[in-house]
Amino acid sequence: MNTDRRAFFKKFAAAAATLTVLPTAAEAREKKTARSDAVGMLYDTTKCIGCKACVVACKEANNMPADTDGYGHGLYDSPDSLNQYTKNIIQLYKDGDEQSYAKKQCMHCIDPACVGACMLGALQKGKFGVVSYDVSKCVGCRYCETVCPFNVPKFEWAKAAPKIVKCEFCKERLAEGKEPACTAVCPRKAVIFGKYTDLLDEAHKRLQKNPGKYVNKVYGEKELGGTQVLYLSHIDFEKIGFRFKQDESVPHLQQSVTHGVYKGFIGPVALYGLLGAVMFRNRGNSEKES
Amino acid sequence: MQTHAQPIGGPLFTRAYFVLLSIAAIGVALILWRFAVGLGASTGLSDGYPLGIWIALDVVTGTALACGGYAVALIVYIFNKGNYHPLIRPAILTSALGYTIAGASVAVDLGRPWNMWKIPTYFWNWNLNSSLLEVALCIMAYVFVLWIELSPAFMEKWSVDGPPVLQKWSKRLLPILNKMLIWIIALGMLLPTMHQSSLGSLMMLAGPKLHPLWLTGWLPLLFLMSCLAMGYAIVVFESVFSAKAFGRDPEVPMLINLQKIAAWGGLVFVIVRVADLAYSGNLHYAKTLDLYGTMFWIESVLWLLPLAMMLAFPRPNLGSLFRGAMVVALAGALYRFDTYLVAFQPGPGWHYFPSVPEMFITIGLVAIELAIYVAVVKRFPIIAGMTPAH
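These protein sequences, in sequence, are chains A and B.
Per my numbering, numbering of the first sequence is gapless, rising by one per residue and ending at 1630.
Per my numbering, numbering of the second sequence is gapless, rising by one per residue and ending at 472.
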């Protein structure tokens, strides 16, 4: 092998080694836990009668427009899922005799993917652990929508100045010491409001006191890093629309890798220095044409 | 013996050029319409698929195709192969245009583009965990750097043959620029390293919504490798094209070496990916020939094909180099496109296919890029190794 090729491979090997070492230096990112002031909701499918009072209450409290497309036939607000007009929805799972209602809204994750995604921090996890949205920082990139494992953030596709739409836990009501509109209106206390830790206890109590009534799990206790909206269900959580069972939060993998590579911004600065130094050493040669 | 870069000359407004301009004009008209009616009415995007071809194709694939400048800069300035220098300017021009058009695509895709200026300026709001922020800032900086890197080509012409104001400023700025060039070019290699790998880590955050055959902690490295391979392929492409279209000397020995890098790189890519899948216990997904397994196989075969072609036909010519480059570009493009669209699983009931206006806007933007490219190479000293036009 002539000296030219040897030099080439040496440099290449050095560069490659540097690059491959960096990701493995990825430190284990610390697992996030609920804030001390975290609030929550507990939804119990065995108590829900599908009256949708919560859907109406949410629309009123949040000044949402009616969604009269589809089932609404232009007259009634009748959304069939969360969308740009709907921050809270009751869906129905039915298969022969087996059925369940399922309330869907933002899960207010303890380690939210959307917060990890948002470039300018339009989505933030703040007081009471509520994941809130500030439209002034939003460029409408929809990255939050892409990464949410619960498909919660929705986009105003029909508007010229579109926003992201999602449940914000009625944070204005919380600030006034009130509970969210949906939990306040529920006639069967199928969805209740409280301190996150209290609700977790209550959920486990119900599981203990009623063996066989529920699937023996509180969905949201561990799943995807934990969510502040907790679910008890009499049927498989997958059937009521919860696809993912992993304990690891969504941002964990991505942030572990990027924190490792970009730690202290040392990597990029070092690489820049290396590139500049090599070029400086080579200067005068590179302009040569054969 | 290489001649210096010269304008290709010749008439600009040929019939073919008018066709290109018409396509570009349609694209511009559709873009205005998109802003008038909103994204819902103009695209096939939905809440299930909030990102479509403007991201997966224009930005993710387009910037990789625009990595020729990055790839050649590494060869010339780091690996010190000065004889590849004639390839730099056309590669940098393609990169500058490619990245600018990718930026334009983002501006068209954003729902609230009037807030875009806050991205580089509202640093107190920066979410340093966001790979998308890194991509945005890095690409904005890189576009700036690319045009500066290219500016000597413009200033060289304006120094001798331009309006007096431009002549004066070109003569003044050129020597200053030449002194600083090392640090600008080094930036021009740092920045794509960062944002091309960030384009990979961006989809890591899709987490369980990304199919296991694509979700991996090695996404940043795989995206970096795919962009370098595509960069080399584009340089080969471009050299062959310029040779045929403008009568330029194609420098076959150089192209053969570039093709070798891309071909062996393809093998390394597949090895890294398969090894990681085996290690994480996800390789079995490749056994099922559903959409995901099938696309994985197609990608892997495309990555290995250039090496197979190279070994099977050891006497390369312009044609085989062109074909090999096309396969490499296709392999990289498919891998990246799949990561952003095909491997993305939002859940049951969601489907995406771009609308006709959505596709025509992409085509129109590419037409704009090509039109500017042709105009610049005809009027400014970009392409080396040829006789001036009659």
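Think of the CB as a built atom: it goes at the ideal place given N, C-alpha and C, for glycine as much as any other residue.
Exercise for review: Measure from the C-beta of B:M262 to each C-beta in chain A and report whether the shortest distance is under 8 Å.
Suggested key: no
Point to revise | Member of B:L169, B:T444, B:S177, B:K253 whose CA lies at the smallest distance from the CA of B:W473 | key: Since the first and last residues shown for chain B are 83 and 472, residue 473 of chain B lies out of range.
Review point. If we count the other Cβ atoms within 10 Å of its Cβ and call it buried at 16 or more, is B:A457 buried or exposed?
Key: Its Cβ having fewer than 16 others within 10 Å, B:A457 is exposed.
Check your understanding: Does B:K369 get closer than 8 Å to chain A when you measure Cβ to Cβ?
Key -> no
Check your understanding: Can you find a C-beta in chain B that's less than 8 Å from the C-beta of A:K1577?
Key -> Going by the sequence as given, residue 1577 of chain A is Phe instead of Lys. A:F1577 does not count as touching chain B.
Point to revise | Residues near A:C1488 in its chain [Cβ-Cβ closer than 7 Å; skip 5 each side] | key: Excluding residues within five positions, the ones whose Cβ falls inside 7 Å are A1453, C1454.
Review point. Taking the DSSP output, what are the residues bridged to B:F426?
Key: B:L292
**Study point:** Inter-residue spacing [alpha-carbon to alpha-carbon] between B:K253 and B:P463
**Key:** 16 Å
Review point. What does B:L272 touch in chain A if you count any residue whose Cβ is under 8 Å from its own?
Key: Within 8 Å Cβ-Cβ: P1608, L1611, Y1612, L1615.
Check your understanding: Could you give the residue range of the alpha helix (DSSP H) that holds B:G107?
Key -> Reading the sequence as shown, one finds Ala at residue 107 of chain B and not Gly. First-last of the alpha helix (DSSP H) with B:A107: 97 to 119.
Check your understanding: Mind listing which residues of the segment 1478 to 1500 of chain A have their C-beta closer than 9 Å to chain B's C-betas, in chain order?
Key -> C1478, V1479, G1480, C1481, R1482, Y1483, C1484, E1485, T1486, V1487, C1488, P1489, N1491, P1493, K1494, F1495, E1496, W1497, A1498, K1499, A1500
Review point. With a Cβ-Cβ cutoff of 8 Å, do A:T1567 and A:I1450 count as a contact?
Key: yes
Exercise for review: Following the continuous beta strand (DSSP E) through A:L1432, name the residue where it begins and the one where it ends.
Suggested key: 1429 to 1435
Review point. In whole angstroms, what is the alpha-carbon distance linking B:Q278 and A:E1496?
Key: 30 Å
Practice item. Using alpha carbons as the reference points, say which of A:Y1483, A:T1373, A:R1369, A:Y1383 lies closest to A:K1557. Key: A:Y1383
Exercise for review: Using a Cβ-Cβ cut-off of 8 Å, state whether A:R1375 counts as contacting chain B.
Suggested key: no
**Study point:** Inter-stretch contact (C-beta, 8 Å, three-pair minimum) for the segment 321 to 330 of chain B and the segment 400 to 407 of chain B
**Key:** yes
Check your understanding: Should the segment 1576 to 1585 of chain A be called in touch with the segment 1503 to 1521 of chain A, which here means at least 3 C-beta pairs below 8 Å?
Key -> no
Review point. In chain order, which beta strand (DSSP E) runs of at least 3 residues are fully inside the segment 1546 to 1574 of chain A?
Key: 1569 to 1572
Exercise for review: Answer yes or no: the CB of B:A457 versus the heavy atoms of the ligand GTP, is any distance below 7 Å?
Suggested key: Among the components of this structure there are no ligands whatsoever, and the ligand GTP is therefore not found.
Review point. Which chain A residues are close to B:L337, counting only those with a beta carbon under 9 Å from its beta carbon?
Key: Those do not exist, as B:L337 stays about 14 Å from chain A at its closest Cβ, beyond 9 Å.
Point to revise | Residues near A:L1432 by beta carbon distance below 7 Å, same chain, minus five either side | key: Same-chain partners within the cutoff: G1390, Q1439, Y1441.
Review point. Do three or more CB pairs link the segment 292 to 310 of chain B to the segment 415 to 431 of chain B at distances below 8 Å?
Key: yes
Check your understanding: With 16 as the cutoff for other CB atoms within 10 Å, does A:R1621 come out buried or exposed?
Key -> exposed
Check your understanding: Are the beta-carbon atoms of B:F435 and B:G126 separated by less than 8 Å?
Key -> yes
Exercise for review: Can you grab the Cα-Cα spacing for the pair A:A1498 / A:A1462, in whole Å?
Suggested key: Their backbone Cα atoms lie some 21 Å apart in a straight line.
Check your understanding: Hey, would you say A:M1404 sits closer than 8 Å to B:I264, going by beta carbons?
Key -> no
**Study point:** Straight-line Cα distance separating B:L269 from B:Q249
**Key:** C-alpha separation (whole angstroms): 27 Å.
Review point. Mapping DSSP to helix, strand and coil, what is B:F236?
Key: helix
Check your understanding: With C-beta atoms as the reference, is B:M312 less than 8 Å away from B:A184?
Key -> no
Exercise for review: Pick out the complete alpha helix (DSSP H) segments inside the segment 1399 to 1486 of chain A, 4 residues or longer, and give them in chain order.
Suggested key: 1453 to 1457
Exercise for review: At 9 Å on the CB atoms, spell out the chain A contacts of B:P195, in chain order.
Suggested key: Within chain A, V1479, G1480 have C-beta atoms less than 9 Å from the C-beta of B:P195, given in sequence order.
Check your understanding: How many angstroms separate the CA atom of B:S280 from the CA atom of B:V217?
Key -> 6 Å
**Study point:** Listed by chain order, chain A residues near B:T275 by CB distance under 7 Å
**Key:** L1611
Check your understanding: What in chain B is Cβ-close to A:T1598, meaning under 7 Å?
Key -> S213, S283
Practice item. For B:N497, count neighbouring Cβ atoms within 10 angstroms of its own Cβ and tell me buried if that reaches 16, exposed if not. Key: No information on residue 497 of chain B is available, as it lies outside the stretch 83 to 472 that chain B covers here.
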